[in-house]
Amino acid sequence: MNSKESKALILQNLSSAIREDKKMSRSTERVFLDPQLSIDQSKLQDDFIANFEMVSGEVHLLGEKESLTGKINELIRELGAQSVSFWNMNSLKSLEFTSETDLASADIGITGADFAIADTGTLVLLSGPEQPRLTSLLPPVHIAILEKETIVPNIHALFAKLGESHENYDKLCSCISFITGPSRTADIELNLTLGVHGPGRAIVIIV
Amino acid sequence: MITERIDFKKNSVEALGDPKLKKALVNFTDRSRSSRKKAVSEVSEWEELRSEARGIKEEVIENLDSYLLELEKSVTRVGGKVHWAKDAEEASAIVVDIARKNNVRNVVKSKSMATEEIELNKHLISNGINTVETDLGEYIVQLCDDHPFHIITPAIHKTKEDISKLFSEKFGVPEYEEPQKLTNIARKELREKFLSADMGISGVNFAVAETGTIAIVENEGNARLATTFPDIHVAIMGIEKIVPRFEQLSIFLSLLARSATGQKSSTYVSLITGPRREGESDGPRQFHLVFVDNGRSDIAKSEETRESLYCIRCGACINICPVYRQVGGHSYGWVYSGPIGAIITPQLNDPEKTADLPFASSLCGACRDVCPVKIDFPHVLLSLRQKVVEKTKEKADLPGFMEKIAFQLWSFVFSRPFYYGFVGKTMVFLQYFYQKDNELRGLPYPFSKWTKEKNFPAFSRKPFRKRWKEKYHGKSGITK
Chain B
777 MNSKESKALI
787 LQNLSSAIRE
797 DKKMSRSTER
807 VFLDPQLSID
817 QSKLQDDFIA
827 NFEMVSGEVH
837 LLGEKESLTG
847 KINELIRELG
857 AQSVSFWNMN
867 SLKSLEFTSE
877 TDLASADIGI
887 TGADFAIADT
897 GTLVLLSGPE
907 QPRLTSLLPP
917 VHIAILEKET
927 IVPNIHALFA
937 KLGESHENYD
947 KLCSCISFIT
957 GPSRTADIEL
967 NLTLGVHGPG
977 RAIVIIV
Chain Y
335 MITERIDFKK
345 NSVEALGDPK
355 LKKALVNFTD
365 RSRSSRKKAV
375 SEVSEWEELR
385 SEARGIKEEV
395 IENLDSYLLE
405 LEKSVTRVGG
415 KVHWAKDAEE
425 ASAIVVDIAR
435 KNNVRNVVKS
445 KSMATEEIEL
455 NKHLISNGIN
465 TVETDLGEYI
475 VQLCDDHPFH
485 IITPAIHKTK
495 EDISKLFSEK
505 FGVPEYEEPQ
515 KLTNIARKEL
525 REKFLSADMG
535 ISGVNFAVAE
545 TGTIAIVENE
555 GNARLATTFP
565 DIHVAIMGIE
575 KIVPRFEQLS
585 IFLSLLARSA
595 TGQKSSTYVS
605 LITGPRREGE
615 SDGPRQFHLV
625 FVDNGRSDIA
635 KSEETRESLY
645 CIRCGACINI
655 CPVYRQVGGH
665 SYGWVYSGPI
675 GAIITPQLND
685 PEKTADLPFA
695 SSLCGACRDV
705 CPVKIDFPHV
715 LLSLRQKVVE
725 KTKEKADLPG
735 FMEKIAFQLW
745 SFVFSRPFYY
755 GFVGKTMVFL
765 QYFYQKDNEL
775 RGLPYPFSKW
785 TKEKNFPAFS
795 RKPFRKRWKE
805 KYHGKSGITK
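Chains as they are written, first to last, in this note's numbering: chain B, 777 to 983; chain Y, 335 to 814.
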């Protein structure tokens with residue numbers, strides 16, 4: 777039997793399951809749960825940091841006089857990295873390193889973050905030509921640069937934001953990644969281990 | 335597919351005889367229960383989220399035909415391809431066909447219960463396609479040629495000593511016992527598989543009808559790798575996984591992680607909308623979505639059990655279940671275990687071969703209380719039991735007849751205080767030879783059927799009613 781016949785069969789089975797006049801009508805109105813937008817930005821930043829650190833993530837706050845480039849160069853040296861791969865972002869133009877094209881051999885991947893969610897400690901990365909997905913995934917260390925204005929209170933607020941930035945979801949990018957700390961598993965006797973497939977260290981620099 | 339009748343009792347007896355397993359089960363259920371409880375208590379609007387999710391699922395299943403068509407349209411619009419499979423065999427055949435047409439040799443898989451259900455690995459491997467499970471737990475299970483023990487933590491029945499020995503045998507490494515070292519070995523082995531894979535297969539946690547987006551929730555990053563690195567991504571979904579609108583994902587994502595593992599959010603959530611776009615340097619070039627019915631549209635027909643399709647596969651019902659805690663996952667005989675297995679397995683398979691499962695519950699209702707979409711498990715179980723009993727009634731067998739007589743007798747005695755008192759007093763004498771430590775053991779037929787499995791509490795010389803009377807001298811005894 778081919779896919780077309782199966783489709784007809786499944787649809788027929790489903791449409792006979794419930795009488796048409798007994799069906800609930802499809803609702804079309806968008807409903808957003810309380811996005812708690814009244815929370816002030818410094819509280820959001822504190823919440824994000826607390827929650828990201830709770831899942832073994834690391835957070836650096838960029839001081840007023842510190843330069844982002846300086847901070848990242850320092851981190852790369854500290855980590856003893858040989859090769860670094862990063863997104864094509866203005867803020868990374870003057871790094872001491874050039875971006876490694878072979879991601880599988882890079883020691884660190886540096887990305888931006890389009891949003892962050894305070895109450896879960898989650899980074900949100902959108903895919904695009906200048907924002908490859910693998911930069912935050914293949915290298916053993918992921919560093920994300922987060923602008924504090926982009927932190928939203930909760931996941932409901934995030935979906936409201938995505939609606940604004942993606943024309944009511946009509947133009948979604950191919951992949952939206954939520955990242956909450958380093959890769960983890962508890963598959964061996966419930967022992968928590970990090971870095972099973974993705975990065976074992978997830979570092980955020982808040983600017 | 336289930337080929338032999340599932341003998342829940344026999345499987346349970348085997349599981350109960352394994353002290354290592356018992357320890358693992360107690361440890362695992364204790365921990366998952368308390369972390370879930372904590373995570374849920376942090377969300378003040380938890381009950382509203384549950385009601386909201388339940389309402390959405392009710393609406394989805396009632397309109398599933400039109401939502402499936404909408405999803406197909408959306409996926410096609412963003413450059414993906416939808417395939418319809420009426421049963422397990424067809425679903426596997428579709429995936430094998432995609433692989434063949436694209437000369438695929440190596441497949442990496444992330445965890446998906448739907449692919450377990452359709453036995454996809456078996457089909458791919460028998461067609462000469464290398465297929466590797468990449469979730470650490472599933473990988474361990476696959477290396478042992480075993481079956482997952484739990485839908486969230488598949489290898490929870492293996493000790494670190496087991497795993498250490500296994501890795502040593504398979505990869506020629508020393509027998510490390512530190513879980514972190516074992517994890518690092520798996521990372522190295524599996525990373526090579528990812529880099530040489532030409533097809534990635536994933537499950538689907540939610541599929542959004544209006545946008546054609548699929549959501550995949552995980553902690554390890556293997557699903558991200560499997561859906562980003564290879565040129566072809568095939569996602570397999572049970573047809574009930576639909577969420578109508580994109581923003582509704584926020585409700586389901588909030589419920590899923592907390593219910594499943596007690597996390598505020600799982601480490602990774604990927605919202606994938608079609609293949610890679612122009613200008614992108616990674617992501618699959620082909621995106622296929624396979625709709626698997628395999629009995630689900632039949633469940634939609636039954637008003638009594640339709641809610642089985644609301645399940646989001648979080649596993650909270652399994653972790654809370656007092657029966658699962660004792661007998662473990664393999665006793666349920668198929669890919670889904672615990673309360674969800676007890677209701678889903680009989681509805682997706684031959685009801686005669688799975689007739690034990692609706693009875694694998696004490697009907698305590700703990701599963702209903704933790705379920706994020708409020709599935710009324712006891713109600714569904716009773717309805718399924720009724721079907722089993724009606725079937726056996728047709729056969730008019732002797733045990734069924736005896737049971738009927740026994741219950742009629744029981745009902746007669748228990749509704750008449752005089753007979754109730756009389757039987758109690760008589761039993762005090764009759765029980766003399768069978769009594770030990772205030773329990774009755776080894777009773778003669780037909781009561782032996784009871785005492786073969788558990789002891790019966792002895793009848794008291796001084797019944798409760800008499801003690802009550804003595805203590806309160808006829809007063810009610812209820813303090814105000």
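Ideal Cβ placement from N, Cα and C applies to all residues, glycine included.
Not flagged as an interface residue toward chain Y: residue 835(B), since no C-beta distance is shorter than 8 Å.
With contact defined as three or more Cβ pairs closer than 8 Å, the stretch 560-571 of chain Y and the stretch 855-869 of chain B are not in contact. Between the stretch 404-423 of chain Y and the stretch 621-628 of chain Y, the count of C-beta pairs closer than 8 Å reaches three or more; the two stretches touch.
Flagged as an interface residue toward chain Y: residue 905(B), by a C-beta distance shorter than 8 Å. Taken in chain order, the complete beta strand (DSSP E) segments of 3 or more residues contained in the stretch 881-939 of chain B are 884-888, 891-893, 898-902, 917-922. CA-CA distance, residue 794(B) to residue 366(Y), rounds to 38 Å. Looking at the DSSP output, residue 964(B) bridges to 967(B). Assignment of residue 660(Y) by DSSP, reduced to helix, strand and coil, places it in the helix class. Boundaries of the beta strand (DSSP E) harbouring residue 605(Y): 602-606, taken from the DSSP string. Rounded to the nearest whole angstrom, the C-alpha separation of residue 527(Y) and residue 521(Y) is 10 Å. Remark: C-beta atoms of residue 833(B) and residue 972(B) do not approach each other more closely than 8 Å.
Within chain Y, not a single residue places a beta-carbon under 9 Å from that of residue 888(B); the smallest gap is close to 16 Å. Per DSSP, the continuous alpha helix (DSSP H) segment holding residue 389(Y) begins and ends at 380-396.
If one requires a minimum length of 3 residues, the beta strand (DSSP E) runs lying completely within the stretch 523-578 of chain Y are 533-536, 540-542, 547-552, 566-572, in chain order. Per DSSP, the unbroken beta strand (DSSP E) holding residue 465(Y) starts and ends at 464-467. Between the alpha carbons of residue 816(B) and residue 935(B) lies a distance of about 19 Å.
Secondary structure in the stretch 580-654 of chain Y: the beta strand (DSSP E) runs of 3 residues or longer, each lying completely within the stretch, are 602-606, 620-626 in chain order. With fewer than 16 other beta carbons inside 10 angstroms of its own, residue 807(Y) counts as exposed. Straight across, the Cα-Cα distance linking residue 902(B) with residue 597(Y) is about 23 Å. At least 8 Å separates the CB of residue 629(Y) from every CB of chain B. Membership of residue 457(Y) in any beta strand (DSSP E) is not indicated; the residue belongs instead to the alpha helix (DSSP H) covering 454-460. Of the residues assessed, residue 826(B) falls on the exposed side of the cut-off, its CB having fewer than 16 other CB atoms within 10 angstroms. Between the alpha carbons of residue 341(Y) and residue 347(Y) lies a gap of roughly 10 Å. Within the stretch 358-383 of chain Y, the residues whose Cβ lies closer than 8 Å to any Cβ of chain B are, in chain order, 358, 361, 362, 365, 379, 382, 383. Restricting attention to 381(Y), 769(Y), 577(Y), the CA atom closest to the CA of residue 792(Y) is found in 769(Y). At the C-beta level, residue 537(Y) and residue 444(Y) come within 8 Å of one another. Only residues of its own chain outside the window of five on either side were considered, and among them 883 have a CB closer than 6 Å to the CB of residue 858(B), listed in chain order.
Secondary structure at residue 668(Y): coil, using DSSP grouped into helix, strand and coil.
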